[in-house]
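Trainee: Residue numbering for the sequence shown follows the working numbering, starting at 136 and increasing by one per position. I have a structure here, written as structure tokens, and I will follow up with some questions on it.
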Amino acid sequence: MGKTIGCGAAVLILLVGLFGVMTYNRLVTLQEGVDAAWSQVENTYQRRADLIPNLVSTVKGAADFERGTLNDVVEARSRVGQVQLTGAPSAEQLQQFQQAQDGLSSALSRLLVVVERYPELKATQAFRDLQVQLEGTENRITVERRRFNEAARGFNTARRKFPAALFAGMMGFSAKPYFESKPGSDEPPKVEF
136 MGKTIGCGAA VLILLVGLFG VMTYNRLVTL QEGVDAAWSQ VENTYQRRAD
186 LIPNLVSTVK GAADFERGTL NDVVEARSRV GQVQLTGAPS AEQLQQFQQA
236 QDGLSSALSR LLVVVERYPE LKATQAFRDL QVQLEGTENR ITVERRRFNE
286 AARGFNTARR KFPAALFAGM MGFSAKPYFE SKPGSDEPPK VEF
């Protein structure tokens, strides 16, 4: 009977160990998916940051407008460049990253409002092309943020399910944050002419 208990205990330890390895491997795969999705988010934001100097140059060359708006765009882009992340961010890092990106979005919106007052600028092909590129980039950002949230949800769900929840903390797998909407974004914007 002692041999049977010893053999049963060995089988149980082997099964727990095997399950631990399988859980670890699954969480690593999901974590890599979150990191890859985050890289795509950064990639699309970088695309936008790269387009901004072209937009600013086009606007500068085609219209004489409020210098403050242009300076706001340049400063906001600079703040975006100061937020450095490696891999998927923590909740605090994601908040800092999003604040910098929101500042840039706001400055770009003000720039586009200024442009509305300069019809000759809107008529230039270069500006229209850049507007289309920026619009496409904003759509890409939305898509990549959604994909990041999906990857984070998949990881967080797998991490919290039993029995993976028993191993996740011991193995150093912490929850991934989500992109969330800005406060007040549930209200429609006011358009004034």
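Cβ coordinates follow ideal geometry from the N, Cα and C atoms, glycine included.
Between Arg-288, Asn-160, Cys-142 and Lys-138, which lies nearest to Met-306 when the distance is taken from Cα to Cα?
Mentor: Asn-160
Trainee: What separation, rounded to the nearest whole angstrom, lies between the Cα atoms of Ser-192 and Leu-269?
Mentor: 14 Å
Trainee: Helix, strand or coil: how does DSSP classify Met-306 here?
Mentor: coil
Trainee: Restricting to Cα atoms, I'd like to know which of Pro-188, Ala-310 and Glu-273 is closest to Thr-292.
Mentor: Ala-310
Trainee: From Ala-226 to Asp-185, what distance separates their C-alpha atoms?
Mentor: 26 Å
Trainee: Is it buried or exposed, Glu-164, if we count other Cβ atoms within 10 angstroms and call 16 or more buried?
Mentor: In the sequence on display, residue 164 carries Thr and not Glu. When all chains shown are included, Thr-164 counts as exposed.
Trainee: If I'm right that Gly-168 touches Phe-308 with Cβ under 8 Å, what's the distance once you round it to whole angstroms?
Mentor: About 13 Å; that fails the 8 Å criterion.
Trainee: Do you know offhand how far Lys-138's Cα is from Tyr-313's?
Mentor: 51 Å
Trainee: With Thr-277 and Arg-182 assumed to form a contact (beta carbons below 8 Å), what rounded beta-carbon distance in angstroms separates them?
Mentor: Rounded, the Cβ-Cβ distance is 13 Å, inconsistent with contact.
Trainee: Taking buried to mean at least 16 other C-beta atoms within 10 Å of its own C-beta, is Val-156 buried or exposed?
Mentor: exposed
Trainee: So which of Asn-189, Gly-141, Asp-170 and Gly-152 has the shortest CA-CA distance to Ala-299?
Mentor: Gly-152
Trainee: Would you decide whether Phe-328 is buried or exposed? Buried here means 16 or more other CB atoms lie within 10 Å of its CB.
Mentor: Confidence at Phe-328 is low in this model, with a pLDDT of 34, below 50, so its placement is unreliable and the value that follows should be read with caution. It counts as exposed.
Trainee: Would you kindly work out how many angstroms separate the C-alpha atoms of Gln-233 and Glu-315, rounded to a whole number?
Mentor: Computed Cα separation, rounded: 9 Å.
Trainee: On a CA-only basis, which of Ile-187, Ala-223 and Leu-243 is nearest Ser-174? Give me that one, please.
Mentor: Ala-223
Trainee: Would you mind sorting Val-146 into buried or exposed? The rule is 16 or more other CB atoms within 10 Å of its CB.
Mentor: exposed
Trainee: Grab me the residues of Gln-166's own chain with a C-beta within less than 7 Å of its C-beta, minus the 5 sequence neighbours each way, in chain order.
Mentor: So the list reads Phe-290 and Phe-308, once near-sequence residues are dropped.
Trainee: What is the DSSP secondary structure of Gly-289, counted as helix, strand or coil?
Mentor: helix
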